[in-house]
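As structure tokens, the structure follows; a few thoughts come after it.
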Amino acid sequence: MIEKYLYSDYSIDFKENYSSTNESYYLLFNDRRELYLTEDNSIPLVKNDFLTNFSVNFKLYIGKYKNKELFLVNVDTSEDYHPLQDVYEMNKDVYQIATRAVLVNDWYQNNQYCGRCGSKTEIREDSMSFKCPDCQLTFHGKIQPAVIIAIHKDGKLLMVRHSYNTRVRYALIAGFVEMGESIEETVHREVMEEVGIKVKNLKYMGSQPWPFPNSLMCAYKAEYDSGEIKVDGNEILKAKWFTKDEIEYTGSDISIYSLLIDDFKRNN
Numbered sequence: 109m110i111e112k113y114l115y116s117d118y119s120i121d122f123k124e125n126y127s128s129t130n131e132s133y134y135l136l137f138n139d140r141r142e143l144y145l146t147e148d149n150s151i152p153l154v155k156n157d158f159l160t161n162f163s164v165n166f167k168l169y170i171g172k173y174k175n176k177e178l179f180l181v182n183v184d185t186s187e188d189y190h191p192l193q194d195v196y197e198m199n200k201d202v203y204q205i206a207t208r209a210v211l212v213n214d215w216y217q218n219n220q221y222c223g224r225c226g227s228k229t230e231i232r233e234d235s236m237s238f239k240c241p242d243c244q245l246t247f248h249g250k251i252q253p254a255v256i257i258a259i260h261k262d263g264k265l266l267m268v269r270h271s272y273n274t275r276v277r278y279a280l281i282a283g284f285v286e287m288g289e290s291i292e293e294t295v296h297r298e299v300m301e302e303v304g305i306k307v308k309n310l311k312y313m314g315s316q317p318w319p320f321p322n323s324l325m326c327a328y329k330a331e332y333d334s335g336e337i338k339v340d341g342n343e344i345l346k347a348k349w350f351t352k353d354e355i356e357y358t359g360s361d362i363s364i365y366s367l368l369i370d371d372f373k374r375n376n
């Protein structure tokens with residue numbers, strides 16, 4: 109997981125119709141949300157005429173990166189670029205700024221027309237939003253908050269096996285925040301829904317933007333309180349308590365999941 113502060117290298121700005129004559133950074137995405145990188149796995153630092161090599165759908169100025177202007181470019185191509193999961197392993201600094209860029213890319217693509225009345229929306233650069241000129245509905249970036257929970261009991265960690273992910277044997281309980289509930293209420297509800305137990309002494313461990321596709325992951329650890337484990341057999345197939353030595357985790361540390369696992373192993 110990246111612990112570097114995003115704004116150590118980046119400052120937010122936004123302009124729809126803007127070009128630069130200076131050397132600038134260009135984050136190019138294809139329609140599969142894959143990122144173009146140079147041969148040394150970095151962001152192209154070039155002049156604007158570099159884009160004549162591509163069929164550009166749209167270009168947005170999204171701020172300054174390492175004291176250079178930064179552009180998000182959506183291109184029409186059948187060529188394969190790099191999936192974001194691979195970018196993380198190749199260049200974590202690039203992945204961090206690309207996470208913001210791909211979410212801006214999605215927001216811009218998905219809000220060209222009003223979802224309520226169907227009218228063409230208008231951009232509002234000062235608030236980085238779209239607004240419908242007819243019904244006045246405003247569209248900001250879409251972020252779906254979610255929780256991931258490490259439940260501890262007597263030196264063991266509760267992990268579950270999902271029916272929808274056969275590649276991962278056991279994982280932590282996680283789920284999306286429902287309308288009208290707090291993050292902490294989400295933790296209690298998800299735990300009860302997935303394994304039928306109650307937890308206590310919630311501790312917030314941190315958060316992480318998760319662009320698969322547009323979540324904000326909020327990590328908690330909690331202590332077992334009461335109840336017997338009951339899984340539904342549909343979404344959750346099994347639930348099991350693990351000691352630190354029984355947890356086999358050799359995957360990428362791209363997710364905040366790794367922070368929770370490391371914390372458990374370090375303190376037990």
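Take the sequence shown: its position 207, counted from the start at 1, is 315 in the numbering used here, and no numbers get skipped. Built from N, CA and C at the ideal position, the CB exists for glycine as well. These numbers come from a predicted model, not from an experiment.
Item: For my contact list, Met-325 and Ala-209 are in at a C-beta cut-off of 8 Å; report their separation, rounded to the angstrom.; Value: That belief does not hold up - the Cβ atoms of Met-325 and Ala-209 are roughly 18 Å apart, past 8 Å.
Item: Report the start-end ranges of each beta strand (DSSP E) in the segment 145-187 that is 3 residues or longer and not cut off at the edges.; Value: 164-173 and 176-183
Item: Please confirm if Lys-174 has its CB atom under 7 Å from at least one CB of chain B.; Value: Included in the structure is just one protein chain, with no chain B present.
Item: Hey, quick one: how far does the alpha helix (DSSP H) through Asn-199 stretch, first residue to last?; Value: Taken as a continuous stretch (DSSP letters only), Asn-199 belongs to no alpha helix (DSSP H), as it is neither H nor E.
Item: Hey, Leu-310 and Glu-292 are a contact pair by Cβ (cut 8 Å); roughly how many whole angstroms apart?; Value: 6 Å
Item: Where does Arg-208 sit, in a helix, a strand or coil, going by DSSP?; Value: helix
Item: In its own chain, which residues sit with a C-beta less than 6 Å from the C-beta of Glu-230, not counting the 5 before and 5 after it?; Value: Lys-239 and Pro-241
Item: Return the Cβ separation of Tyr-328 and Val-303 in integer angstroms, given the expectation that the two are a contact with Cβ distance under 8 Å.; Value: Tyr-328 to Val-303, Cβ: 15 Å. No contact.
Item: Name the one or two DSSP bridge partners that Arg-269 has.; Value: Lys-346
Item: According to DSSP, is Phe-320 part of a helix, a strand, or is it coil?; Value: coil
Item: I need the DSSP call for Thr-246, collapsed to helix, strand or coil.; Value: strand
Item: Can you tell me whether Ile-337 is helix, strand or coil according to DSSP?; Value: coil
Item: Could you spell out where the beta strand (DSSP E) holding Lys-352 opens and where it closes?; Value: Run containing Lys-352: none; DSSP gives neither H nor E here.
Item: Less than 7 Å separating the beta-carbons of Ile-151 and Tyr-169?; Value: no
Item: Using CA atoms only, rank isn't needed, just tell me which of Ser-227, Thr-274, Phe-166 and Asn-199 is closest to Ile-362.; Value: Asn-199
Item: Starting from Leu-367, trace the alpha helix (DSSP H) both ways and give me its first and last residue.; Value: 365-374
Item: How big is the Cα-Cα spacing for Ile-205 and Lys-373?; Value: 30 Å
Item: Quickly, what does DSSP pair Glu-301 with across the bridge? List them, please.; Value: BP columns for Glu-301 are empty, so no partner.
Item: Any idea what DSSP makes of Asn-125, helix, strand or coil?; Value: coil
Item: With distances taken Cα to Cα, identify the nearest neighbour of Ser-176 among Ala-279, Lys-155 and Asn-375.; Value: Before going on, a small fix: residue 176 reads as Lys here, not Ser. Ranking Ala-279, Lys-155 and Asn-375 by Cα distance to Lys-176 puts Lys-155 first.
Item: Whole angstroms is fine: what's the gap from His-248's alpha carbon to Gly-263's?; Value: 43 Å
Item: Assign Tyr-113 to one of two classes, buried (16 or more other C-beta atoms within 10 Å of its C-beta) or exposed (fewer than that).; Value: exposed
Item: Going by the DSSP bridge assignment, what does Glu-377 pair with across the sheet?; Value: Limits of the chain in this structure are 109 at one end and 376 at the other, which puts residue 377 out of reach.
Item: Pairs of beta-carbons, one from the segment 187-197 and one from the segment 121-133, closer than 8 Å: are there three or more?; Value: no
Item: Who are the Cβ neighbours of Lys-250 in its own chain at under 6 Å, not counting the five residues just before and after it?; Value: Asn-322
Item: What separation, rounded to the nearest whole angstrom, lies between the Cα atoms of Glu-356 and Ser-290?; Value: 32 Å
Item: Taking the continuous beta strand (DSSP E) assigned at Leu-280, which residues delimit it?; Value: Segment: none, Leu-280 is in no beta strand (DSSP E) and carries neither H nor E.
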